[in-house]
Each structure stands twice: as structure tokens, then as C-alpha cells.
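**Student:**
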Amino acid sequence: MVRDPAADPAVDLRGVTKDYGGVGVFDLDLRVERGEVVGFLGPNGAGKSTTIRVVLDLVRPEAGTVRVLGLDPRAAGPQVRARLGFLPSDLAVWGRATARQALDHLARLRGGVDPAWTGELCRRLDVDLDRPLRTLSTGNRQKVGLVQALAHRPDLVVLDEPTMGLDPLVQQEVQRLLRETADEGRTVLLSSHTLSEVERVADRVAVLRRGRLVAVERVAALKQVAVRRVRAELDREPDAGAFRRLQGVRDVVVDGRRLEAVVEGHVDALVKELARSTVVSLDVEEADLEEVFLAMYAGDGRAAAGCGGGDGAAAPGHRAGAAR
Amino acid sequence: MSGPARTTAPPACAPRPGAVVRELARWDVRQRWRSAAGTGAALGVVGVMVVALYPSVGRSLGDLADQLPAAVANLLGGASTSTLAGWVEFEYVSILGPFALLLLGGVLGAGWLAGAEEERTTALVLATPATRRGVVLAALVAGVPLLVLAAALSAVGLLVGDALVAEGDLSLGGVVAVHLQLVGLGVLGLALALAVGALGGRRALALGLVGAVGVVSFLVDGFAPTVDGLAWAERLSAFSWAVGSSPLTGGLDGAGLAVLLGAAAALVVVAVVAHERRDLHA
Ligand SMILES: Nc1ncnc2c1ncn2[C@@H]1O[C@H](COP(=O)(O)OP(=O)(O)OP(=O)(O)O)[C@@H](O)[C@H]1O
Ligand SMILES: [Mg+2]
């Protein structure tokens, strides 16, 4: 039977368990399709890094099956890893070497990479190639880690907290790079503590809590139920009643020619109603998906917000079985 | 800005394992050749001095030492110091050289496996097509030439010293034989440190155990022959397998070298198997 390996999921974890004495990862099912960007969310100690290390075959689970790009990363190690890029959390690099030397070394271990692409990555992330890595700031070192993870155009990029320590401009550039990666049909799995960090780039988010997958959601679906605050200034006093009658619009406050309202889902109806008058200014706050998310998975909310103390068990209806 | 990798176009699949091990070894050498060169240079300087001191200090001390009780003389190296070769063996070959090469092997092996894990660079390397076995083998491929480098500098020191005092007493063959034996001891230290690191030990533990082998060897070497019924214990000493046969005058001890390298090979097998199985958290 001829199988098309390109059709296999990029990552397919089934029943993966790695028990560090009550903590770790338990009975985890996660499927990441080709060309997807999946954000892996969870508070400290949730098991994100452990799961990622299982995908890399750095850590061997006690139970469950692991398939990466259709192959068993344990048995087919070098073939799998040749097509995989990895950024470890709290990245460390050889202190004495320069970025150029370290990137060159890792490129040789991969049998060579396209120097033009590496050059472009270094330029876009503004990497200082010629100073000893030890002397670089945390963020600048992180950039070197990102370059080595992307330099060989891997089919699967696994990034453990990629934006840690990066300034906002570089974070945006990283998000662009990851989006481009997915647009080329390649796959990205990245971990983060907050939804707001991954919502712009991820297609789906998977939430891990105390070693168990508690939710998998499409970001687009979250955006549908997202709540935004809208502020507008018109050329005359708006009719509050007309706005209150609109579907999904609430908390309408009119103050002279100013109007403020909260919109759930699309803002289309509200904008069309506003357009009956001349709109002087319009301000639509970015949706806080985090809030939506926490509302959807109420009960885990406290733990998700990083306050700890939540008992971590998801409501049964929200428990994601096969994470798809 | 041009790319840092002066390498060629991307490969269709994983590179050949041999090429990967070569690159790992090249990187290992680059990280630690200074330790080897430094150890070798220090040994070389001490070697010159030991030989140069023979005419003024060694010979008279030698006459004195010949009158020491056998037990004390044995602990100090067990050689007669009334010849230059005996003096060099006493001052250099029986204790200092073995300790230095054994520990150099330990430093290299501990740094490359346990140390890399402590510095958390292991995950970066093992996310490439490099294999765990390849990482261990590369340490061997990189370690042997560095041990040879240190031993060669040490040998040059003795030979330079010999030329300076013009006693013409040290044979080239004997000096080479001693240093081949010492390289064998260094490979043992390297392999032991690799095995400890692969079994999950920290760098300090790996190095500490290699040091303990040195100390135990030194003590066993010194005491066992002088205590009735304990002569067999000398076989527990790694130093005795390396230089117990007085290779400076007696030539290469093939059996001793084979024991050292055999033990090292067994430890490398342990290292490979243990490293293959471990969870790596760094
Ligand atoms: N080597 C180990 N030995 C013992 N326990 C471990 C080990 N590695 C991880 N753990 C435990 O497993 C759990 C999951 O850890 P993991 O590093 O995967 O969390 P994480 O989601 O990445 O957290 P963070 O957001 O802080 O990075 C934690 O409770 C941690 O203490
Ligand atoms: Mg983590």
C-alpha cells in the first residue's frame, strides 16, 4: 500500500503520559494538521514543555503513541529531526561562540542550509552575528534561537515560548515569519502562557492544565463570540434606542454626540447603524479573546489567569477528547 | 549582510551519520582544545624542569632515597633514582603524568556530556539529525587527538630536558611508550566521565569519580606491593596498568594498554546505551 506521507498530520499524539510523580502530562491526545499554526497554552507547570520534549524525542513517555510527520520520532529520529525546527524554552547557547559560529555548526549538523535564507532571517530579526553569544542580551540570544529553528525551512517548527524576552516590534516580525511558514504549507506548534500572545498567529489553541488537555478551540470561533468595546463620535446625538435594539449590542451609553457600546461577535450591524449619521471618529477595541476563553471555560478561569489555586478539572462537556 | 552558513543548498534528507559525527567532534575540539593544550604545555614545562633538576638535586636525592625503607620508596614511585630514567619515573611518570592525563580525559568527557546538559545546549544539538549515539562517539573522536596532543607536549618536555642536561639517558622509544600508556589512561578517564554523564550524573560527579580512580590507583599502587597478601590488589590500580611496568625503560606494555582500552570500550558502550535511553530535560 502506498501512503502519502505528506497527508499524515504534522503531530499526532495519542494517550501520551509522562508521569513525574503526580505532575507531568497525562493521557494527552493532540493532532496538528499540516499547514496549521497551533498555540499551546497553559499556566506554569501545565506540561507544555514536557509535551514538546516528547515530540522532539528528548523525553520518552510511559504510555501512548507519538507520530511526527507520519513517523515515530524514536525509531526514525534523524529523518524526523531533519525536517523539524526547535526552539527550547529558556534557550541556552555556547557562550564563547558567536551567533555566526553557532548557526554554522547547527547548519552543518543538518547537512547545510540555504545561506541566503539564513541571511534574510538574521536581517529581519536584526541578529548580531559577530559577538560572543554570552555577551548578548536575553532577547538577542532568543533571536539566534529563532533563526536556527527556521533556517532549514523545516516542515514542522516547534517553538517553546518563542516571544519570551522579545520587544514588541520583533514579536510582530516573528508572528509574520510564522504566518509565512504556515502559508507555505508548513506547520507551527508554539507554546505560550497567554492567548493574546498567540491569537494573531494561531489557527487553533489547545489549553493544557495540570498535564491534561482541557480545551481545543479555533481562534476564528473565539473571535465570533468575542466581545469588543466600540466608541464613536457622531455629528449629532445618536438614538440610543435604535442601537439597543441591535443584535449582540449591549451596554449602550450615549453622552451628547458620543456613543459607547459593547458588541458581541461581528461589529457589522453597529457600524451600519452608525453610518446613518456622519461618523466623526470610531474606535473599536481589539477583542480580548482571553476573556472569551475564560468565560467559555469558566471554572478553570482562576488557574488560567495564573493566580493558581484552581482545581484544574474542566467541566466534562468541555473536556476535549480527540483534540480536533 | 551575508548568511553565516557558508554551506551549500538544503539536503533532501538527513545528512550521513559520519558527517554529523565529524561536525560534532570538530565542535567539541573547538570548545575544549585549550584544556588539552594547557595541560600539555604545563606537563612539558614540568618535564623540562624535572629532567634539568636531576644533576643537581635528583642524583643526591636519589642516593638518599635508596636508603629509604622500601614501603616509603614505593609510595613515592617505587623506582630507583640513581639513574636519570629512574628519577624521571619517580618524579614524573609514576604519579604526575598519570594524574594529569586521567584528569584531562575526565575534564573533556565531563564537559562534553554532563557539562553540555548543564549548560542546556544538548537539546539544541539533539533537535538536529545528530543522534545520541553520535554525540557520545564524537566525544571519543574529539578526545583521543586532544589526549595525544597533551601527551605529545609532555613527551617533548622530557626530551628537551634530556637534551639540555645532555645525559643522554632517556630513550626516545621509552618516552614514546610511556606517553602511549598515558594516552590509554586518558581514554579511560574520558570514557568513565562519558558513562557517568550518560547515566545522568552531573559534571562534578563525573569529574569527581575520575579523580577518585586516580587517588585510589595512587594509594593502591603505593601500598599494595608492600603489604603481604595484598599484591593482587595492585591490579585494581589503573596507574599500575598504565605505567606499572616501567615503560620508560621496559618499553610498551601491550597487555596493560589493552586492559585500559578494553575497560574504556566497555564504559563507552555503557555511555551509548545509557544516553540512548535517558530523558533529556535540558
Ligand atoms: N525532569 C523533571 N523531573 C520532575 N518533574 C518534572 C520534570 N520536568 C517537568 N516536571 C514537572 O512536570 C510538570 C510540567 O512541566 P513543564 O515544564 O512541562 O511545564 P510548562 O507547561 O512548560 O510550564 P512553564 O509555563 O513554566 O514552562 C511540572 O509540574 C514540572 O515540575
Ligand atoms: Mg515550559
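Those protein sequence lines, which keep their order, are chains A and B.
Heads up: the first sequence runs through residues 64 to 387, numbered per the numbering used here.
Heads up: the second sequence runs through residues 1129 to 1410, numbered per the numbering used here.
We put the beta carbon where it would ideally sit given N, CA and C, even for glycine.
These numbers were taken from a predicted model, which means no experiment stands behind them.
Can you give the Cα-Cα distance for residue 1282/B and residue 1182/B, rounded to whole angstroms?
**Tutor:** Rounded to whole angstroms, residue 1282/B to residue 1182/B spans 17 Å at the Cα level.
**Student:** Which whole-angstrom value is the C-beta distance of residue 1374/B and residue 1219/B, which I expect to be below 8 Å?
**Tutor:** That belief does not hold up - the Cβ atoms of residue 1374/B and residue 1219/B are roughly 14 Å apart, past 8 Å.
**Student:** Is residue 296/A helix, strand or coil when you go by DSSP?
**Tutor:** Reduced to three states, the DSSP call for residue 296/A is strand.
**Student:** Could you confirm whether any beta carbon from chain A is found closer than 8 Å to the beta carbon of residue 1253/B?
**Tutor:** Yes, its Cβ sits closer than 8 Å to a Cβ of chain A.
**Student:** From the beta carbon of residue 87/A, is the nearest beta carbon of chain B less than 8 Å away?
**Tutor:** No, its Cβ sits nowhere closer than 8 Å to a Cβ of chain B.
**Student:** Report yes if the C-beta of residue 81/A is less than 7 Å from at least one heavy atom of ligand 2; otherwise report no.
**Tutor:** Answer for residue 81/A: no, Cβ out of range of ligand 2.
**Student:** How would you list, in chain order, the residues of chain A whose beta-carbon sits under 8 Å from the beta-carbon of residue 1151/B?
**Tutor:** By Cβ distance, chain A contributes 168, 171 and 172.
**Student:** Nearest chain A C-beta to residue 1257/B closer than 8 Å, yes or no?
**Tutor:** Closer than 8 Å to some Cβ of chain A, the Cβ of residue 1257/B qualifies, so yes.
**Student:** Less than 7 Å between C-beta atoms, sequence neighbours within five positions excluded: which residues of the same chain meet that for residue 154/A?
**Tutor:** Excluding positions up to five away in sequence, the list reads 204, 205 and 208.
**Student:** Taking C-beta pairs closer than 9 Å, name the residues in chain A that residue 1159/B reaches, listed in chain order.
**Tutor:** Residues of chain A passing the Cβ test: 157, 159 and 160.
**Student:** In chain A, which residues lie with their C-beta within 7 Å of the C-beta of residue 1247/B?
**Tutor:** Chain A residues near residue 1247/B: 155.
**Student:** Grouping DSSP H, G and I as helix and E and B as strand, with all else coil, what is residue 344/A?
**Tutor:** Strand at residue 344/A.
**Student:** Given this structure, state the Cα-to-Cα distance separating residue 128/A from residue 139/A, to the nearest angstrom.
**Tutor:** Cα to Cα, the separation comes out at about 14 Å.
**Student:** For residue 1335/B and residue 1327/B, I'd like the C-alpha separation in whole angstroms.
**Tutor:** Their backbone Cα atoms lie some 14 Å apart in a straight line.
**Student:** Let me confirm a value: residue 1146/B is counted as buried when at least 16 other C-beta atoms fall within 10 Å, else exposed. Which label applies?
**Tutor:** Residue 1146/B is exposed by the Cβ-count criterion.
**Student:** Cβ-heavy atom distance between residue 111/A and ligand 2 below 7 Å?
**Tutor:** Correct: residue 111/A has its Cβ closer than 7 Å to ligand 2.
**Student:** Given that a residue counts as buried once 16 or more other Cβ atoms are within 10 Å of its Cβ, and exposed if not, what is residue 196/A?
**Tutor:** Its Cβ being crowded by 16 or more others within 10 Å, residue 196/A is buried.
**Student:** Heavy atom of ligand 1 less than 7 Å from the Cβ of residue 87/A, yes or no?
**Tutor:** For ligand 1, at least one heavy atom lies less than 7 Å from the Cβ of residue 87/A.
**Student:** Quick one: which unbroken beta strand (DSSP E) runs of 3-plus residues sit fully inside the stretch 249-292 of chain A? Chain order, please.
**Tutor:** Within the stretch 249-292 of chain A, the complete beta strand (DSSP E) runs of at least 3 residues are 250-255, 267-272 and 275-281.
**Student:** Going by other Cβ atoms of all chains shown within 10 Å of its Cβ, with 16 needed for buried, is residue 385/A buried or exposed?
**Tutor:** Below a pLDDT of 50, predicted positions are generally treated as unreliable, and residue 385/A, at 37, falls in that range; no measurement from the model is reported.
**Student:** Going by DSSP, what residue range makes up the beta strand (DSSP E) through residue 150/A?
**Tutor:** Where residue 150/A is concerned, the enclosing beta strand (DSSP E) stretches over 147-150.
**Student:** Run the proximity test for residue 223/A: is its beta-carbon closer than 7 Å to any non-hydrogen atom belonging to ligand 2?
**Tutor:** Indeed, a heavy atom of ligand 2 lies less than 7 Å from the Cβ.
**Student:** What does DSSP give as the partner residues of residue 128/A in its beta bridges?
**Tutor:** Paired residues: 77/A.
**Student:** Is it buried or exposed for residue 81/A, if we count other Cβ within 10 angstroms and need 16 for buried?
**Tutor:** Flag for residue 81/A reads buried.
**Student:** Can you give me the start and stop residues for the beta strand (DSSP E) that residue 220/A sits inside?
**Tutor:** That run of the beta strand (DSSP E) goes 219-223.
**Student:** Which residues, in order along the stretch 100-124 of chain A, keep a beta-carbon less than 7 Å from a beta-carbon of chain B?
**Tutor:** Those residues of the stretch 100-124 of chain A that come within reach of chain B (Cβ to Cβ, closer than 7 Å) are 119, 121, 122 and 123.
**Student:** If the cut is a Cβ gap below 8 Å, which residues of chain A does residue 1273/B touch?
**Tutor:** What residue 1273/B touches in chain A: nothing, since even the nearest Cβ is about 19 Å away.
**Student:** For a contact defined as C-beta to C-beta under 9 Å, what are the partners of residue 151/A on chain B?
**Tutor:** The contacting residues are 1248, 1251, 1252, 1255 and 1410.
**Student:** Who does residue 195/A pair with in a DSSP beta bridge?
**Tutor:** Looking at the DSSP assignment, residue 195/A forms a beta bridge with 161/A.
**Student:** Does the beta carbon of residue 329/A fall short of 7 Å from some heavy atom of ligand 1?
**Tutor:** The answer is no for residue 329/A.
**Student:** What does a CB cutoff of less than 7 Å around residue 1364/B pick up in its chain, not counting 5 residues either side in sequence?
**Tutor:** Within the same chain, residue 1364/B has close Cβ partners 1348.
**Student:** 8 Å is my cut-off, CB to CB: does residue 1164/B come that close to chain A?
**Tutor:** No, its Cβ sits nowhere closer than 8 Å to a Cβ of chain A.
**Student:** To which residues of the same chain is residue 328/A closer than 8 Å at the C-beta, ignoring the five residues directly before and after it?
**Tutor:** Excluding residues within five positions, the ones whose Cβ falls inside 8 Å are 287, 288, 289 and 311.
**Student:** Taking the C-alpha atoms as reference points, what is the distance between residue 185/A and residue 241/A?
**Tutor:** Residue 185/A and residue 241/A: Cα-Cα distance of roughly 15 Å.
**Student:** Under 7 Å: does the beta carbon of residue 152/A sit that close to some heavy atom of ligand 1?
**Tutor:** Answer for residue 152/A: yes, Cβ within range of ligand 1.
**Student:** Are any of the Cβ atoms in chain A nearer than 8 Å to that of residue 1143/B?
**Tutor:** It does: the Cβ of residue 1143/B has a partner Cβ on chain A nearer than 8 Å.
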